[in-house]
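> Have a look at this one.
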Amino acid sequence: MACQMQQKMYSPLPRSFYDRDVVVVARDLLGKKFCRRSRQGMTCGTIVEVEAYRGADDPASHSFRGKTPRNLVMFGEPGHLYVYSIHAKFCLNAVTGPQRTPSAVLIRAIEPTQGIPLMQRRRDRTNVFDLTRGPARLCEAVEVSGEMNGVDLTIGSRIWISRNSYAHVKSADIVAAPRIGVTKARDVCLRFFVDGSRFVSGPRRWHRR
DNA sequence: GTTCGGATTATCT
DNA sequence: GATAATCCGAACC
Numbered sequence: 235m236a237c238q239m240q241q242k243m244y245s246p247l248p249r250s251f252y253d254r255d256v257v258v259v260a261r262d263l264l265g266k267k268f269c270r271r272s273r274q275g276m277t278c279g280t281i282v283e284v285e286a287y288r289g290a291d292d293p294a295s296h297s298f299r300g301k302t303p304r305n306l307v308m309f310g311e312p313g314h315l316y317v318y319s320i321h322a323k324f325c326l327n328a329v330t331g332p333q334r335t336p337s338a339v340l341i342r343a344i345e346p347t348q349g350i351p352l353m354q355r356r357r358d359r360t361n362v363f364d365l366t367r368g369p370a371r372l373c374e375a376v377e378v379s380g381e382m383n384g385v386d387l388t389i390g391s392r393i394w395i396s397r398n399s400y401a402h403v404k405s406a407d408i409v410a411a412p413r414i415g416v417t418k419a420r421d422v423c424l425r426f427f428v429d430g431s432r433f434v435s436g437p438r439r440w441h442r443r
């Protein structure tokens, strides 16, 4: 029985989860369990901060100027991992749908729940708040790099996202704010994070003017 | 082939 | 909060 429950908890979210509007998926990803199994061991955490990147209508999105070798995965099937490099670091996204729209959710921060010693070793940091706060820090902590670009998130072998019955995030607990680091479309609030979480990167409050 | 800038972070003050 | 470090992809020639 316990085994069955664990099986259900760890099973990856299905393709249909990702095959929806990118903003819906982004908000729905908050509170879900992010899982990464590597040769060194398991690292997991609760997703607390994300950003949505649309397609042709979003000048801040990589897919805004059409298909290139770099952003090819964004144009493909939803539910795949899109990894890109920036400033000599990596960031990881989940490709969303529907209708093959080139949209994706950037996962900016998780609250570590499993494999913390492994994360501390990879990051060369002991402070738990410095392990997975920020997209590039997260990638380093869970060992995701460019080689994993395009991996299917619905298989559940190396990397996946699952339901999390212990951390249900209500709509009222979600704060929307402008995306961090983007120079275009600054006025659009497509960054979402769990209100009150200490594991969120950047400003945790944002006042609408 | 060269230039340019970015969905960042660490390390200062 | 400001700045340097750092490297890859895209755009242009």
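For this note's numbering, count along the first sequence from 1 and bump the result up by 234.
Idealized CB from N, CA, C, for every residue including glycine.
None of the values given here were measured: they were computed from a predicted structure.
#1: How many whole angstroms separate the CB atoms of A370 and R357, which I take to be in contact at a CB cut-off of 8 Å?
#2: Of the choices G300, T330, F324, G384, whose alpha-carbon is the least far from that of R342?
#3: Alpha carbon to alpha carbon, what distance is there between D291 and G279?
#4: Mapping DSSP to helix, strand and coil, what is H402?
#5: For R334 and F427, what's the separation of their Cα atoms in angstroms?
#6: Are V284 and L340 closer than 8 Å when you measure CB to CB?
#7: From this set, E345, I393, G310, which residue's C-alpha is nearest F363's C-alpha?
#8: What are the residues that DSSP puts in a beta bridge with C269?
#9: Under the three-state reduction of DSSP, which class applies to A375: helix, strand or coil?
#10: So does the segment 381-393 actually touch the segment 244-261, counting three or more Cβ pairs closer than 8 Å?
#11: D253 by DSSP, collapsed to three states: which one?
#12: From what residue to what residue does the alpha helix (DSSP H) around I414 run?
#13: Could you check what DSSP says for H296 in three-state terms: helix, strand or coil?
#14: Taking DSSP as the reference, what is the three-state secondary structure of D364?
#15: For a quick check, are the C-beta atoms of P412 and C423 less than 8 Å apart?
#16: Is DSSP giving A370 helix, strand or coil here?
#17: Distance check for A419 and Y439, CA to CA, integer angstroms please.
#18: Opposite K323 in the DSSP bridges: which residues?
#19: Leaving aside the five residues before and after R443 along the sequence, list all residues of the same chain whose C-beta is less than 8 Å from its C-beta, in chain order.
#20: Given a threshold of 16 other Cβ atoms within 10 Å of its Cβ, counted over all protein chains shown, does E377 qualify as buried or as exposed?
This is what the structure holds:
#1: The count along the first sequence starts at 1 and reaches residue 370 at position 136. The count along the first sequence starts at 1 and reaches residue 357 at position 123. Their Cβ separation, rounded to whole angstroms, is 11 Å, which puts A370 and R357 out of contact at 8 Å.
#2: Walking along the first sequence from the start, residue 342 turns up at place 108. Closest option to R342, Cα to Cα, is F324.
#3: In the first sequence, counting from the first residue as 1, residue 279 sits at position 45. In the first sequence, counting from the first residue as 1, residue 291 sits at position 57. As the crow flies, the alpha-carbon of G279 is around 32 Å from that of D291.
#4: For the purposes of this step, residue 402 is taken as the residue at position 168 of the first sequence. In the three-state reduction of the DSSP assignment, H402 falls in the coil class, being assigned neither a helical nor a strand state.
#5: By one-based count along the first sequence, residue 334 stands at place 100. By one-based count along the first sequence, residue 427 stands at place 193. In this structure, the CA atom of R334 is about 26 Å from the CA atom of F427.
#6: Stepping through the first sequence from its first residue, residue 284 is reached at position 50. Stepping through the first sequence from its first residue, residue 340 is reached at position 106. For V284 and L340, yes; Cβs fall inside 8 Å.
#7: Counting from 1 along the first sequence, the entry for residue 363 is found at position 129. Cα-wise, what sits closest to F363 is E345.
#8: Here residue 269 refers to the residue found at position 35 when the first sequence is read from its first residue. Beta-bridge pairing links C269 to C278, W394.
#9: As a first step, residue 375 is located in the first sequence; it is residue number 141 there, counting from the start. Of the three classes helix, strand and coil, the one that applies to A375 here is helix, per DSSP.
#10: Touching, per the Cβ criterion.
#11: In the first sequence, residue 253 corresponds to position 19, counting from 1. DSSP places D253 outside both helix and strand once states are collapsed to three, so it counts as coil.
#12: Here the question's residue 414 lines up with position 180 in the first sequence. Counted as a single uninterrupted DSSP element, the stretch harbouring I414 is not any alpha helix (DSSP H), since DSSP gives it neither H nor E.
#13: Taking the first residue of the first sequence as position 1, residue 296 is located at position 62. Residue state, collapsed to three classes: helix.
#14: By one-based count along the first sequence, residue 364 stands at place 130. Helix.
#15: Here the question's residue 412 lines up with position 178 in the first sequence. Here the question's residue 423 lines up with position 189 in the first sequence. Yes, they are a contact pair.
#16: Residue mapping note: residue 370 aligns to position 136 of the first sequence, counting from 1. Of the three classes helix, strand and coil, the one that applies to A370 here is helix, per DSSP.
#17: Mapped onto the first sequence, residue 439 falls at position 205. Mapped onto the first sequence, residue 419 falls at position 185. Checking the sequence, you will find Arg at residue 439 rather than Tyr. The C-alpha of A419 is placed about 19 Å away from the C-alpha of R439.
#18: By one-based count along the first sequence, residue 323 stands at place 89. Checking the DSSP bridge columns, you'll see K323 partnered with I320.
#19: Taking the first sequence and counting its residues from 1, one reaches residue 443 at position 209. Low local confidence applies: a pLDDT of 37 at R443 is under 50, so the model's placement there is unreliable, with the coordinate-based value given in what follows. Cβ within range, chain order: n/a, list empty.
#20: Locating residue 377 in the first sequence gives position 143, counting from the first residue. Burial call: buried.
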